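Please read the structure below before turning to the comments.
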């Protein structure tokens, strides 16, 4: 019947007809084939449907359907996946491993990280010690490990968000900070290693004194340690500074401040040294007394208050842009020392001792006196760009309020109101 209907022209738009797995006798098949000859665009499929192909073997450790089997999670990972998981760079910036693995041993991963950081810090400090033990220490061999330690120490301090609590112990510090406190004696020795003068772009053919990247890195490490403002850390830096018979000015704080003052073009050393002084003069760390190093005479009898007074005096009457490059650091340090002294009826303590030591220097008294140049220089140095801000115009109460000043928002609102009135 179907073949007869198709032969008569039924379903003219039919182009494909699947009759597989329909039992037919030989006469019916011949009739269908005859219909195919009459309707050439019609495709009819006859016979039996081929059995489905067997499913392909799943990869090792994979279930059918693409999901990972338990074997895949345990030990059947691909080589590429395992290599990515073991890569130190990937582990540093990406979270690897499942939640189950992290929940099983969270302390184990933390302990391994702490051990790795401690071992790396110990290795870097050993390189510094080896370089210092040479007959002539080379600044280049000291700079690389010191800067690596300074960068890692800054990351640790940023995580701790200093200042810390005053009762923080050395055991509460992170590995790199704890190692730096233990090797504070090396920092003092590094600050005593000078650098050869060098020719720079601004000095033309004349060599200028160089602070050296190794000493700048050492000052930065000291500044990061003092960021904590923990008395225990400040005490370690104090006890590790001078040996028996050595001058107190050879301590880490005094060496850092003199380094910044002697190298006026090294802004990195000046910034780090100023942060060291600010931390030492904080309420929590000031009682330890590390700041006393700054007031002790160095070789030759020169004292820091006198040097600051001389540098500030040289800037008097000179426009800020034409002053010596050390004047900004000298003014900032002088203002810090002056503000750290007790004001009025404030309780003394170590601040009173600081004020007494500064008052012994005549040059300092002239600098910070009521008629001294320090306040004038600070006003010029810290003045606002573009001059004073314009004052806002205000109307007095007794004046007529016939005129007013429209803001931009009021003007836009007024124009919108006019537009709505015109549309209405």
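Residue numbers (the working numbering): 4 to 427. All C-beta atoms, glycine included, are put in the ideal place defined by N, C-alpha and C. The structure displayed is predicted, hence computed values, not measured ones.
- Contact between the region 251 to 271 and the region 327 to 336 is present, with at least three C-beta pairs closer than 8 Å.
- Cβ neighbours of residue 219 within its own chain (closer than 6 Å, five residues either side excluded): 271, 272.
- Bridge pairing for residue 211: 201 [DSSP].
- In the structure shown, the three-state DSSP call for residue 346 is coil.
- Boundaries of the alpha helix (DSSP H) harbouring residue 378: 377 to 384, taken from the DSSP string.
- The C-beta of residue 224 has 16 or more other C-beta atoms within 10 Å across all chains shown, which makes the residue buried.
- Each of 121, 360, 229 was checked against the Cα of residue 278, and the nearest Cα belongs to 229.
- Residue 21 is bridged by DSSP to 48.
- Of the candidates 281, 188, 196, 196 places its Cα closest to the Cα of residue 262.
- For residue 25, the closest of 11, 34, 50, 33 by C-alpha to C-alpha distance is 50.
- Between the region 132 to 141 and the region 200 to 213, the count of Cβ pairs shorter than 8 Å is below three; the stretches do not touch.
- Annotation: residue 190 to residue 323 spans about 34 Å, alpha carbon to alpha carbon.
- Annotation for residue 383: 323 place their beta carbon closer than 7 Å to its own, counting only its chain and skipping 5 residues before and after.
- When DSSP states are grouped into helix, strand and coil, residue 177 belongs to the coil group.
- In this structure, 264 is the residue among 264, 288, 290, 335 with its C-alpha nearest to the C-alpha of residue 301.
- Around the beta carbon of residue 11, fewer than 16 other beta carbons sit within 10 angstroms, so the residue counts as exposed.
- The criterion of a C-beta distance shorter than 9 Å is not satisfied by residue 222 and residue 288.
- In the displayed model, residue 329 falls within coil according to three-state DSSP, outside both helix and strand.
- For residue 371, the enclosing alpha helix (DSSP H) covers residues 365 to 371.
- Between the alpha carbons of residue 377 and residue 332 lies a gap of roughly 13 Å.
- Taking the CA atoms as reference points, residue 172 sits about 46 Å from residue 205.
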